[in-house]
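A short worksheet on the structure shown next.
Numbering (UniProt numbering), first residue to last: 1 to 150.
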(Lines of atoms letter the chains of each structure in order from A; the text may use other names.)
(Lines give C-alpha, C1' and ligand atoms only; values in the text may rest on other atoms or scores of the structure.)
Protein backbone atom coordinates (compact mmCIF):
# COMPACT_ATOMS: atom_id res chain seq x y z
CA UNK A 1 0.00 0.00 0.00
CA UNK A 2 1.27 3.47 -0.90
CA UNK A 3 2.45 5.36 2.19
CA UNK A 4 1.01 8.62 0.80
CA UNK A 5 -2.54 7.26 0.85
CA UNK A 6 -4.33 8.16 4.00
CA UNK A 7 -7.42 6.98 5.73
CA UNK A 8 -10.17 9.24 4.31
CA UNK A 9 -11.47 9.75 7.86
CA UNK A 10 -8.11 10.78 9.29
CA UNK A 11 -7.96 14.44 10.24
CA UNK A 12 -4.81 16.40 9.51
CA UNK A 13 -3.93 20.05 9.93
CA UNK A 14 -4.97 20.54 6.30
CA UNK A 15 -8.39 18.94 6.63
CA UNK A 16 -11.06 21.62 6.06
CA UNK A 17 -13.51 21.16 8.91
CA UNK A 18 -14.31 24.58 10.44
CA UNK A 19 -17.16 26.74 9.22
CA UNK A 20 -16.51 30.47 9.06
CA UNK A 21 -18.10 31.25 12.45
CA UNK A 22 -15.90 28.67 14.23
CA UNK A 23 -12.80 29.78 12.30
CA UNK A 24 -13.50 33.38 13.26
CA UNK A 25 -13.85 32.43 16.90
CA UNK A 26 -10.67 30.31 16.87
CA UNK A 27 -8.64 33.00 15.13
CA UNK A 28 -10.06 35.89 17.17
CA UNK A 29 -11.25 37.71 14.05
CA UNK A 30 -14.64 38.82 12.79
CA UNK A 31 -16.25 36.61 10.10
CA UNK A 32 -16.33 39.63 7.76
CA UNK A 33 -12.54 39.95 8.14
CA UNK A 34 -12.17 36.31 7.09
CA UNK A 35 -14.32 36.98 4.03
CA UNK A 36 -12.18 40.01 3.17
CA UNK A 37 -8.96 37.99 3.56
CA UNK A 38 -10.47 35.35 1.24
CA UNK A 39 -11.35 37.97 -1.38
CA UNK A 40 -7.80 39.36 -1.21
CA UNK A 41 -6.29 35.88 -1.51
CA UNK A 42 -4.55 36.01 1.87
CA UNK A 43 -6.26 32.94 3.31
CA UNK A 44 -8.26 30.88 0.84
CA UNK A 45 -10.31 28.15 2.56
CA UNK A 46 -11.73 25.15 0.74
CA UNK A 47 -15.31 25.31 -0.45
CA UNK A 48 -18.18 22.90 0.00
CA UNK A 49 -20.47 21.91 -2.85
CA UNK A 50 -22.80 24.71 -1.74
CA UNK A 51 -19.86 27.21 -1.87
CA UNK A 52 -19.60 27.49 1.92
CA UNK A 53 -16.13 28.12 3.31
CA UNK A 54 -14.36 25.39 5.28
CA UNK A 55 -11.20 26.27 7.17
CA UNK A 56 -8.45 23.90 8.25
CA UNK A 57 -6.22 24.16 11.31
CA UNK A 58 -3.48 25.43 8.99
CA UNK A 59 -5.85 28.15 7.71
CA UNK A 60 -6.61 29.19 11.31
CA UNK A 61 -2.88 29.47 12.03
CA UNK A 62 -2.41 31.53 8.87
CA UNK A 63 -5.27 33.83 9.93
CA UNK A 64 -3.53 34.39 13.25
CA UNK A 65 -0.26 35.10 11.46
CA UNK A 66 -1.94 37.64 9.15
CA UNK A 67 -3.50 39.35 12.15
CA UNK A 68 -0.16 39.43 14.00
CA UNK A 69 1.68 40.88 10.99
CA UNK A 70 -1.03 43.46 10.48
CA UNK A 71 -1.59 44.54 14.09
CA UNK A 72 1.79 44.03 15.76
CA UNK A 73 4.15 44.63 12.84
CA UNK A 74 2.10 47.25 11.01
CA UNK A 75 2.43 45.54 7.63
CA UNK A 76 -0.30 46.31 5.12
CA UNK A 77 -2.35 43.53 3.54
CA UNK A 78 -0.49 43.70 0.20
CA UNK A 79 2.79 43.24 2.07
CA UNK A 80 1.33 40.35 4.06
CA UNK A 81 0.15 38.70 0.83
CA UNK A 82 3.68 38.98 -0.60
CA UNK A 83 5.19 37.54 2.60
CA UNK A 84 2.81 34.56 2.44
CA UNK A 85 3.63 34.00 -1.25
CA UNK A 86 7.37 34.08 -0.52
CA UNK A 87 7.00 31.71 2.45
CA UNK A 88 5.05 29.28 0.25
CA UNK A 89 7.74 29.55 -2.41
CA UNK A 90 10.44 28.79 0.17
CA UNK A 91 8.54 25.69 1.32
CA UNK A 92 8.14 24.51 -2.29
CA UNK A 93 11.83 25.07 -2.98
CA UNK A 94 12.83 23.20 0.18
CA UNK A 95 10.69 20.26 -0.94
CA UNK A 96 12.31 20.37 -4.38
CA UNK A 97 15.79 20.43 -2.85
CA UNK A 98 14.89 17.38 -0.74
CA UNK A 99 13.64 15.58 -3.88
CA UNK A 100 16.83 16.43 -5.75
CA UNK A 101 19.00 15.30 -2.83
CA UNK A 102 17.14 11.96 -2.79
CA UNK A 103 17.64 11.61 -6.56
CA UNK A 104 21.32 12.47 -6.20
CA UNK A 105 21.77 9.91 -3.43
CA UNK A 106 20.11 7.29 -5.61
CA UNK A 107 22.28 8.15 -8.61
CA UNK A 108 25.43 8.05 -6.48
CA UNK A 109 24.49 4.62 -5.10
CA UNK A 110 23.81 3.32 -8.62
CA UNK A 111 27.15 4.71 -9.79
CA UNK A 112 28.96 2.99 -6.91
CA UNK A 113 27.25 -0.30 -7.82
CA UNK A 114 28.26 0.04 -11.47
CA UNK A 115 31.81 0.95 -10.48
CA UNK A 116 32.01 -2.09 -8.20
CA UNK A 117 30.72 -4.29 -11.03
CA UNK A 118 33.41 -2.95 -13.36
CA UNK A 119 36.12 -3.54 -10.79
CA UNK A 120 34.82 -7.07 -10.19
CA UNK A 121 35.08 -7.80 -13.92
CA UNK A 122 38.82 -7.06 -14.10
CA UNK A 123 40.98 -9.96 -15.25
CA UNK A 124 43.00 -11.30 -12.39
CA UNK A 125 45.84 -12.57 -14.59
CA UNK A 126 46.85 -9.06 -15.58
CA UNK A 127 49.40 -7.17 -13.54
CA UNK A 128 48.86 -3.49 -12.99
CA UNK A 129 51.36 -1.34 -14.85
CA UNK A 130 53.54 0.91 -12.77
CA UNK A 131 55.63 3.47 -14.50
CA UNK A 132 59.34 3.02 -13.85
CA UNK A 133 61.09 6.08 -12.66
CA UNK A 134 63.89 7.03 -15.03
CA UNK A 135 67.29 7.84 -13.62
CA UNK A 136 70.57 8.86 -15.11
CA UNK A 137 72.47 6.09 -13.31
CA UNK A 138 74.72 3.93 -15.41
CA UNK A 139 74.61 0.20 -14.88
CA UNK A 140 77.47 -1.91 -16.16
CA UNK A 141 76.79 -5.52 -16.82
CA UNK A 142 79.61 -7.98 -16.64
CA UNK A 143 78.97 -11.62 -17.23
CA UNK A 144 80.19 -13.95 -14.57
CA UNK A 145 83.14 -16.05 -15.51
CA UNK A 146 82.48 -19.66 -15.42
CA UNK A 147 84.59 -21.47 -12.93
CA UNK A 148 86.34 -24.51 -14.05
CA UNK A 149 85.34 -27.69 -12.38
CA UNK A 150 87.97 -30.04 -11.04
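C-beta atoms are modelled at their ideal positions from N, C-alpha and C, and glycine is treated no differently.
- Taking the CA atoms as reference points, residue 10 sits about 29 Å from residue 30.
- C-alpha of residue 36 to C-alpha of residue 74: approximately 18 Å in a straight line.
- Per DSSP, reduced to three states, the secondary structure at residue 59 is helical.
- The alpha-carbon of residue 142 is positioned some 47 Å away from that of residue 118.
- In this structure, the beta-carbon distance from residue 46 to residue 58 does not fall below 8 Å.
- Using a 10 angstroms sphere on the CB of residue 129, the tally of other CB atoms stays under 16, which defines it as exposed.
- Note on geometry: alpha-carbon atoms of residue 19 and residue 97 lie some 36 Å from one another.
- Note: residue 38 is not bridge-paired with any residue in the DSSP secondary-structure output.
- Straight-line spacing of the CA atoms in residue 85 and residue 122 works out to 56 Å.
- Around residue 43, the same chain offers 37, 59, 62, 63 as residues with beta carbons nearer than 6 Å, after the five sequence neighbours per side are excluded.
- Under the three-state reduction of DSSP, residue 46 is assigned to strand.
- In this structure residue 136 is exposed. Its beta-carbon is surrounded by fewer than 16 other beta-carbon atoms within 10 angstroms.
- Between residue 24 and residue 34, the C-beta gap is smaller than 8 Å, which places the two residues in contact.
- In this structure residue 67 is in contact with residue 28, their Cβ atoms being roughly 7 Å apart against a cut-off of 8 Å.
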